[in-house]
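*Asks:*
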Amino acid sequence: MENIINPSILSANFINLERDLYQLKESGINKIHVDVMDGHFVPNITFGVDQIKQLKESTDFYLDCHLMVQNPETIIDKLIDISVGCITLHVESSNHIYKLVQEVKKCNVDCGIALNPGTSIYNIIDLLDIIDKILIMTVNPGFGGQKFIEHMLKKIRLLSSIMNRYNINSKIIQVDGGINLYNIDTIYDLGVRDIVVGSYIFSGDSIYNNINGLKNKISRFM
1300 MENIINPSIL
1310 SANFINLERD
1320 LYQLKESGIN
1330 KIHVDVMDGH
1340 FVPNITFGVD
1350 QIKQLKESTD
1360 FYLDCHLMVQ
1370 NPETIIDKLI
1380 DISVGCITLH
1390 VESSNHIYKL
1400 VQEVKKCNVD
1410 CGIALNPGTS
1420 IYNIIDLLDI
1430 IDKILIMTVN
1440 PGFGGQKFIE
1450 HMLKKIRLLS
1460 SIMNRYNINS
1470 KIIQVDGGIN
1480 LYNIDTIYDL
1490 GVRDIVVGSY
1500 IFSGDSIYNN
1510 INGLKNKISR
1520 FM
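The working numbering applies: residue 1300 is where the sequence shown begins, and numbers increase by one.
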């Protein structure tokens, strides 16, 4: 179950990031979601290569890097050199997305494709055979703490149907945005096995209790 819940450290307390990372580890978490934003593809600016390198050198988390940047080709090689676990590219970010996926995969790094809420699943059909996961954004990217877009449930169902049709069920469906104690079970029940959670995990007094609450909510499906 630890591999299902994927904390987004965009919502962590940056002043006490070491403490928050320790609490994640104590909660049985072994991977973290790292949002990379450039201020162009989305309005915010977040982690850069130097910060991700420090995370890699000082922790043993699997680093799941979600690139919300224009011209992702300018950063991919640097992340590969750091040996991050996964690089997820937005299909909207490049006209040469197939080539970029191939570059990531040839270096034995996991690769995902992300879709904004307004982007059709059919835009990535030709990529399904070569990627490791599909990230469906359930909020508009760029800011934490947004409300889950309910219409995206239909999109998740459609993706599952397409994957069944093409017999590619080995691919992981990931969902990111607005997920909390009250909807995580619905997401899991749709076959999502990588659930990015940010604000809910890092709110309140106890990261440990919040993660355990999420685990308990989906444990009935195990």
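Note that beta-carbon positions come from the ideal geometry of N, C-alpha and C, so glycine has one too. Only a predicted model underlies this, so the values are computations on that prediction, with no experimental measurement involved.
Provide the residue(s) that pair with glutamine 1445 in DSSP beta bridges, ordered along the chain.
*Replies:* According to DSSP, glutamine 1445 bridges with nothing at all.
*Asks:* Is the beta carbon of valine 1341 closer than 8 angstroms to that of aspartate 1363?
*Replies:* The answer is no: Cβ separation not under 8 angstroms.
*Asks:* In the DSSP assignment, the beta strand (DSSP E) including tyrosine 1361 goes from what residue to what residue?
*Replies:* Element bounds for tyrosine 1361: 1361 to 1367.
*Asks:* Entirely within the region 1332 to 1412 and at least 3 residues each: give me those beta strand (DSSP E) ranges in chain order.
*Replies:* Runs found: 1361 to 1367 and 1385 to 1389.
*Asks:* What residues in its chain sit with their C-beta under 7 angstroms from that of lysine 1454, if we drop five residues either side in the sequence?
*Replies:* Closer than 7 angstroms at Cβ, skipping near neighbours: Ile1420 and Ile1435.
*Asks:* Would you say the region 1494 to 1501 touches the region 1304 to 1317, given that touching needs at least three Cβ pairs under 8 angstroms?
*Replies:* Judged by Cβ distances under 8 angstroms, the region 1494 to 1501 makes contact with the region 1304 to 1317, as three or more pairs qualify.
*Asks:* May I ask you to list the residues that DSSP assigns as paired with proline 1306?
*Replies:* Answer is Val1496.
*Asks:* Are the Cβ atoms of isoleucine 1412 and leucine 1378 separated by less than 8 angstroms?
*Replies:* No, the pair does not count as a contact, with Cβ atoms beyond the cut-off.
*Asks:* If you count every other CB in all the chains shown that lies within 10 Å of the CB of isoleucine 1472, and 16 or more means buried, which is it?
*Replies:* Classification for isoleucine 1472: buried.
*Asks:* Give the list of continuous beta strand (DSSP E) stretches no shorter than 3 residues that lie fully inside the region 1445 to 1517.
*Replies:* Within the region 1445 to 1517, the complete beta strand (DSSP E) runs of at least 3 residues are 1471 to 1475 and 1493 to 1496.
*Asks:* Give me, in chain order, the residues of the same chain whose beta-carbon lies closer than 6 angstroms to that of glycine 1512; leave out the 5 immediate sequence neighbours on both sides.
*Replies:* Answer for glycine 1512: Leu1480, listed in chain order.
*Asks:* Taking lysine 1398 and isoleucine 1429 to be in contact with their CB atoms under 8 angstroms, please state how far apart those CB atoms are, rounded to whole angstroms.
*Replies:* In fact, because the Cβ distance is near 11 angstroms, the residues do not count as touching under 8 angstroms.
*Asks:* How about tyrosine 1465 and leucine 1489: do their beta carbons lie closer than 8 angstroms?
*Replies:* No; because the gap between Cβ atoms is not below 8 angstroms, this pair is not in contact.
*Asks:* Assign threonine 1437 to one of two classes, buried (16 or more other C-beta atoms within 10 Å of its C-beta) or exposed (fewer than that).
*Replies:* The residue in question, threonine 1437, is buried, as its Cβ has 16 or more Cβ neighbours within 10 Å.
*Asks:* Can you tell me which residues form a DSSP beta bridge with leucine 1316?
*Replies:* Note: leucine 1316 sits in no beta bridge, so no partner.
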